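The listed protein sequences correspond, in order, to chains A and B. The numbering of the first sequence is my numbering, which starts it at 15 and goes up by one. The numbering of the second sequence is my numbering, which starts it at 15 and goes up by one. Beta carbons: idealized from backbone N, C-alpha and C, even for Gly. It should be emphasised that the depicted structure is a prediction, and the values quoted were computed from it without experimental measurement.
2 protein chains.
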Amino acid sequence: MANIKQIAKMASVSPATVSRVLNNHPYVSDAKRKAVLDAVECLNYSKNLNAIHLSKGKTNIVGVILPFINHAYFSKLLEGISSEALNANYQLMLCQTNYDPNEELKALDMLKMKQVDAIIVCSKILQWEQIEPYSKFGPLVACEDAGKPTISSVYLDHYSSFRMGMQYLIDRGHTRIGICLGRANSVNSLKRIRAYKDTLKAIQEPLREEWIFYQCLNIEDGVGVVHKILEMNERPTALMVTSDQVAAGIIIEAGKKRIEIPHDLAIIGFDNQPIAKMFDLTTIDNQLFTMGSLAFQIAHDQIMKKTQAPENRELEFRLIERSTVSRYRLRN
Amino acid sequence: MANIKQIAKMASVSPATVSRVLNNHPYVSDAKRKAVLDAVECLNYSKNLNAIHLSKGKTNIVGVILPFINHAYFSKLLEGISSEALNANYQLMLCQTNYDPNEELKALDMLKMKQVDAIIVCSKILQWEQIEPYSKFGPLVACEDAGKPTISSVYLDHYSSFRMGMQYLIDRGHTRIGICLGRANSVNSLKRIRAYKDTLKAIQEPLREEWIFYQCLNIEDGVGVVHKILEMNERPTALMVTSDQVAAGIIIEAGKKRIEIPHDLAIIGFDNQPIAKMFDLTTIDNQLFTMGSLAFQIAHDQIMKKTQAPENRELEFRLIERSTVSRYRLRN
DNA sequence: ATGAAAGCGCTAACAA
DNA sequence: TTGTTAGCGCTTTCAT
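Here is the structure:
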């Protein structure tokens with residue numbers, strides 16, 4: 015592969031001039047510019063990005079840390095990130111961690127090793143305390159409430175959104191409400207559990223631990239939820255399901271088991287994915303695409319030093335009323 | 015940030031020795047090794063990957079070209095690629111093209127500019143003739159039948175799989191069969207159209223252009239298909255749907271419109287996604303995960319020069335019999 | 001407007 | 001076993 019020196023020689027100019035032409039710098043005579051361009055053409059020259067990255071100390075790459083790729087939540091988030099990256103002419107380095115702490119650490123190291131200009135954390139298993147030190151090496155943006163003002167973040171108030179959803183159910187006569195969560199210890203789950211408990215207390219309902227379903231991540235997980243409910247003596251009349259996929263799974267399985275929705279079981283989903291619309295599922299839109307694109311924008315701004323201080327953006331949620339919660343009040 | 019020279023100075027050794035320690039080379043005395051490691055610790059040193067990449071002329075990164083991220087087909091494929099990458103300690107550079115030829119070209123340039131060691135093309139809009147020249151700069155692996163023995167590929171025989179699916183329907187009494195495709199001009203669609211036409215000819219059925227539904231990519235697209243069918247005087251009794259998501263959409267909408275499946279409309283999906291299982295959808299498994307992991311393996315092998323010649327692997331498909339095609343023969 | 005030359009930080013061939 | 005040194009290919013400052 016040709017390099018800048020060979021171009022210089024062929025065009026009878028210095029490497030510096032070649033560099034200037036290649037980077038559209040001013041102060042190059044048209045004659046020399048043409049000579050360089052011709053040589054580039056002739057030798058089928060291409061820049062070596064590694065050399066550029068080294069020399070500039072910058073890569074135009076942003077790292078994205080996420081546990082799984084094949085999951086609607088992360089796909090939508092990633093789509094938001096990607097669309098902005100495309101916009102800003104940035105590349106994306108994908109780091110799938112499977113929630114393995116070592117993989118997460120390895121991914122963070124990319125920032126330290128200057129392989130990426132910034133990192134976006136979609137979800138993590140490490141404590142923020144372990145992650146925070148890396149912000150010394152470059153912008154770090156979280157797609158959840160990091161709870162640290164020193165780390166930039168884009169997030170939703172999952173406590174409030176959960177309470178709002180529950181209140182919506184309560185207003186329609188529900189008191190026996192169950193919930194489906196993802197990982198038990200994720201930042202979001204913990205907030206939702208708190209919201210759940212606080213709401214129950216407010217309406218003076220007892221907490222039934224068995225009505226909290228964990229590890230509900232994929233559409234298939236909805237099946238298990240329905241089966242468990244069927245085995246219960248005391249069944250919830252409504253479910254807050256923190257994933258539209260899982261909610262869809264519940265609806266499908268409920269249909270097979272002759273549980274009528276919303277009559278026997280009301281359901282509120284989360285994410286407002288396409289599947290929610292298909293099932294006419296009442297859901298809470300948490301703006302994943304926007305979250306992703308904003309996360310990238312913040313990372314990009316920080317790289318460009320437009321903003322110095324960490325930025326923390328809270329997104330609005332909104333409940334989308336559809337048909338999986340009856341609009342009529344339950345008879346008592 | 016500290017560099018190798020400073021480590022060398024602090025440990026009173028040469029940069030070369032530091033490099034040796036850092037890369038676990040033999041022939042370093044324990045004393046020096048320890049001194050280096052201490053200095054590394056003390057200065058909180060980290061390698062600069064850009065320097066390493068430049069020096070080695072290799073990056074341990076593979077580029078992945080795909081049109082969309084938020085799409086079940088590509089998510090599953092990407093998951094396969096990613097799992098192998100994790101395995102091989104390789105990073106993934108994601109290049110979303112939106113089927114924009116310029117973006118595709120830019121992504122291919124990464125190979126030329128030595129930013130990636132190889133490229134995996136999940137789907138493309140350019141002609142293979144335009145892509146092929148890039149293989150001069152490094153391994154190029156296609157996740158479809160490139161039709162060029164000079165390009166490595168992992169693919170399914172979509173012609174045969176389509177014919178097999180149609181034969182399955184024919185054996186059960188169907189002759190009025192429609193099909194749902196994605197992009198009209200994709201490599202896979204063209205083969206499927208050919209299979210469709212050949213099969214119709216074989217059973218002496220006329221070709222009805224209106225029974226070929228294009229642009230069926232997402233679950234919502236199933237709605238339109240059902241509506242169009244409802245407006246037809248002559249309706250198909252069965253549908254080959256080249257995406258389980260779309261098939262699911264059709265099933266849902268058909269339910270709303272009181273079209274009974276499989277009685278009024280039999281359906282065969284493609285991909286064998288989780289959603290297919292949920293809907294008990296008869297589908298053709300085309301091994302996306304395997305395709306992805308194999309694509310990475312081939313790319314990796316080529317990088318490591320284990321294999322020189324392009325490798326072309328054909329994957330087996332298999333039909334998964336579930337309930338959206340009746341097992342009983344239709345009465346005539 | 002142009003060129004010389006000193007980095008950027010690491011690797012590896014060669015010498016010792 | 002260790003050090004010296006010449007790359008890797010580009011950018012950028014400083015002269016001119």
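Any C-beta of chain B under 9 Å from that of Gln-310 of chain A: On the first sequence, position 296 is the one that residue 310 of chain A refers to. As written in the sequence, residue 310 of chain A is Phe, which differs from the Gln given in the question. Chain B contact via Cβ: absent.
Residue from A:Val-155, A:Gly-236, A:Pro-115, A:Val-130 with nearest C-alpha to Gln-144 of chain A: Taking the first sequence and counting its residues from 1, the one referred to as residue 144 of chain A is at position 130. Per the Cα distances, A:Pro-115.
Residues bridged to Thr-297 of chain B [DSSP beta-bridge criterion]: The residue you call residue 297 of chain B lines up with position 283 of the second sequence. According to DSSP, which records beta bridges pairwise, Thr-297 of chain B is partnered with B:Gly-283, B:Ile-334.
Any beta strand (DSSP E) of 3 or more consecutive residues that is wholly inside the region 232 to 272 of chain A: 252 to 255
Within the region 52 to 104 of chain A, ranges of the beta strand (DSSP E) (whole runs, at least 3 residues): 75 to 80
Minimum C-alpha distance to Ala-268 of chain A - residue among A:Ser-200, A:Gly-236, A:Ile-133, A:Leu-231: For the purposes of this step, residue 268 of chain A is taken as residue 254 along the first sequence, with counting starting at 1. Checked all of A:Ser-200, A:Gly-236, A:Ile-133, A:Leu-231; the closest Cα to Ala-268 of chain A is A:Gly-236.
Listed by chain order, chain A residues near His-188 of chain B by CB distance under 8 Å: Position 174 of the second sequence, counting from 1, holds the residue named residue 188 of chain B. Listed by position along chain A, the residues whose Cβ is nearer than 8 Å to that of His-188 of chain B form an empty set, because the closest Cβ is around 26 Å away.
Cross-chain neighbours of Ile-83 of chain A in chain B, by beta carbon under 7 Å: Your numbering for residue 83 of chain A matches position 69 in the first sequence. By Cβ distance, chain B contributes Ser-89, Leu-92, Glu-93, Ser-96.
Selection from B:Gly-306, B:Arg-327, B:Lys-320 that minimises the alpha carbon distance to Gly-77 of chain B: If you number the second sequence from 1, residue 77 of chain B lands on position 63. Distances from the CA of Gly-77 of chain B to each of B:Gly-306, B:Arg-327, B:Lys-320 were compared; the closest alpha carbon is that of B:Gly-306.
Identified DSSP bridge partners for Tyr-169 of chain B: Sequence index remark: in the second sequence, residue 169 of chain B carries index 155 (1-based). Paired residue(s): B:Glu-328.
9 Å Cβ cutoff, Asn-346 of chain A in contact with chain B: Position 332 of the first sequence holds residue 346 of chain A. Residue confidence for Asn-346 of chain A is low, a pLDDT of 49 falling below 50, so the modelled location carries little weight; the figure read from the coordinates is stated next. Taking Cβ atoms only, chain B never reaches closer than 9 Å to Asn-346 of chain A, which makes this a no.
Cβ neighbour criterion (16 or more within 10 Å) applied to Ile-217 of chain B: Here the question's residue 217 of chain B lines up with position 203 in the second sequence. Exposed, by the Cβ-count rule.
Element boundaries [alpha helix (DSSP H), containing Ala-132 of chain A]: One-based indexing of the first sequence puts residue 132 of chain A at position 118. Per DSSP, Ala-132 of chain A belongs to no alpha helix (DSSP H); it is in the beta strand (DSSP E), 132 to 135.
C-beta neighbour in chain B for Gly-283 of chain A, strict 9 Å: Along the first sequence, one-based indexing puts residue 283 of chain A at 269. For Gly-283 of chain A, the answer is no, since every Cβ of chain B falls outside 9 Å of its Cβ.
Test item: CB-CB of Asp-131 of chain A and Lys-205 of chain A under 9 Å: For the purposes of this step, residue 131 of chain A is taken as the residue at position 117 of the first sequence. For the purposes of this step, residue 205 of chain A is taken as the residue at position 191 of the first sequence. Their beta carbons are not under 9 Å apart, which means Asp-131 of chain A does not touch Lys-205 of chain A by this criterion.
Leu-302 of chain B, DSSP secondary structure in three states: As a working mapping, residue 302 of chain B is identified with position 288 in the second sequence. If DSSP states are grouped into helix, strand and coil, Leu-302 of chain B belongs with the helices.
Contacts of Gly-263 of chain A in chain B (Cβ-Cβ under 7 Å): The residue given as residue 263 of chain A occupies position 249 in the first sequence. Those within 7 Å of Gly-263 of chain A in chain B are Met-292.
Coil, strand or helix - Ala-16 of chain A by DSSP: Position 2 of the first sequence, counting from 1, holds the residue named residue 16 of chain A. Three-state DSSP puts Ala-16 of chain A in coil, outside helix and strand.
Per-residue contacts from Asp-123 of chain B into chain A (C-beta, under 8 Å): Position 109 of the second sequence, counting from 1, holds the residue named residue 123 of chain B. Under the 8 Å cutoff, chain A gives Ser-60.
Burial state of Gly-179 of chain B, where buried means 16 or more other Cβ atoms lie within 10 Å: Against the second sequence, residue 179 of chain B aligns to sequence position 165. Classification for Gly-179 of chain B: buried.
Chain B contact for Glu-158 of chain A (CB, 9 Å cutoff): Numbered from its first residue, the first sequence carries residue 158 of chain A at position 144. No, because no Cβ of chain B sits closer than 9 Å to the Cβ of Glu-158 of chain A.
C-beta neighbour in chain B for Gly-236 of chain A, strict 9 Å: The residue given as residue 236 of chain A occupies position 222 in the first sequence. So yes, Gly-236 of chain A belongs to the interface.
DSSP-derived helix/strand/coil call for Val-201 of chain B: Position 187 of the second sequence, counted from the start, is the residue given in the question as residue 201 of chain B. Three-state result, Val-201 of chain B: helix.
Closer than 9 Å to chain B by CB, Gln-127 of chain A: Within the first sequence, residue 127 of chain A is the residue found at index 113, counting from 1. Looking at the sequence shown, residue 127 of chain A is not Gln but Met. Chain B, which has a Cβ nearer than 9 Å to the Cβ of Met-127 of chain A, makes this yes.
Leu-195 of chain B (DSSP reduced to helix, strand or coil): Against the second sequence, residue 195 of chain B aligns to sequence position 181. Three-state result, Leu-195 of chain B: coil.
Cutoff 6 Å; reference Met-254 of chain B; Cβ partners in own chain excluding five residues on either side: In the second sequence, counting from the first residue as 1, residue 254 of chain B sits at position 240. For Met-254 of chain B, where only same-chain residues beyond five positions count, the Cβ hits under 6 Å are Gly-179, Ile-193, Ile-282.
Exposure label - Gly-161 of chain A; buried when at least 16 CB within 10 Å: By one-based count along the first sequence, residue 161 of chain A stands at place 147. Counting Cβ neighbours within 10 Å, Gly-161 of chain A comes out exposed, since fewer than 16 surround it.
Cβ shell of Leu-107 of chain A (< 8 Å), same chain only, five flanking positions each side left out: Here residue 107 of chain A is taken as the residue at index 93 of the first sequence, counted from 1. Checking the sequence shown, residue 107 of chain A turns out to be Met, not Leu. Excluding residues within five positions, the ones whose Cβ falls inside 8 Å are Ile-75, Val-76, Gly-77, Val-78, Met-124, Gln-129, Val-130.
Gln-141 of chain A, DSSP secondary structure in three states: Taking the first sequence and counting its residues from 1, the one referred to as residue 141 of chain A is at position 127. Gln-141 of chain A falls in the coil class under three-state DSSP.
Val-50 of chain B versus Lys-320 of chain A: straight-line alpha-carbon distance, rounded: Residue mapping note: residue 50 of chain B aligns to position 36 of the second sequence, counting from 1. Residue mapping note: residue 320 of chain A aligns to position 306 of the first sequence, counting from 1. CA-CA distance, Val-50 of chain B to Lys-320 of chain A, rounds to 39 Å.
Own chain, CB closer than 7 Å to Asp-159 of chain B, minus 5 neighbours either side, in chain order: Residue 159 of chain B sits at position 145 when you count from the first residue of the second sequence. Here the set comprises Ser-167, Tyr-169, Val-201.
Candidates A:Asn-58, A:Ile-133, A:Pro-81: closest to Ile-139 of chain A by CA position: Within the first sequence, residue 139 of chain A is the residue found at index 125, counting from 1. If we check each option's Cα against that of Ile-139 of chain A, A:Pro-81 comes out closest.
Delimiting residues of the beta strand (DSSP E) encompassing Leu-154 of chain A: For the purposes of this step, residue 154 of chain A is identified with residue 140 of the first sequence, where counting begins at 1. Leu-154 of chain A -> beta strand (DSSP E) spans 154 to 156.
Straight-line Cα distance separating Leu-154 of chain B from Val-240 of chain A: What you label residue 240 of chain A is simply residue 226 of the first sequence in a count that begins at 1. What you label residue 154 of chain B is simply residue 140 of the second sequence in a count that begins at 1. Looking at the two C-alpha atoms, the distance is approximately 46 Å.
Contacts of Met-107 of chain B in chain A (Cβ-Cβ under 8 Å): Taking the first residue of the second sequence as 1, we reach residue 107 of chain B at position 93. Chain order gives the chain A residues near Met-107 of chain B as Ile-75, Gln-105, Leu-106, Met-107, Leu-108, where near means a beta carbon separation below 8 Å.
Straight-line Cα distance separating Glu-93 of chain A from Asn-84 of chain B: Here residue 84 of chain B corresponds to residue number 70 of the second sequence, with the count starting at 1. Here residue 93 of chain A corresponds to residue number 79 of the first sequence, with the count starting at 1. So the alpha carbons of these two residues sit roughly 6 Å apart.
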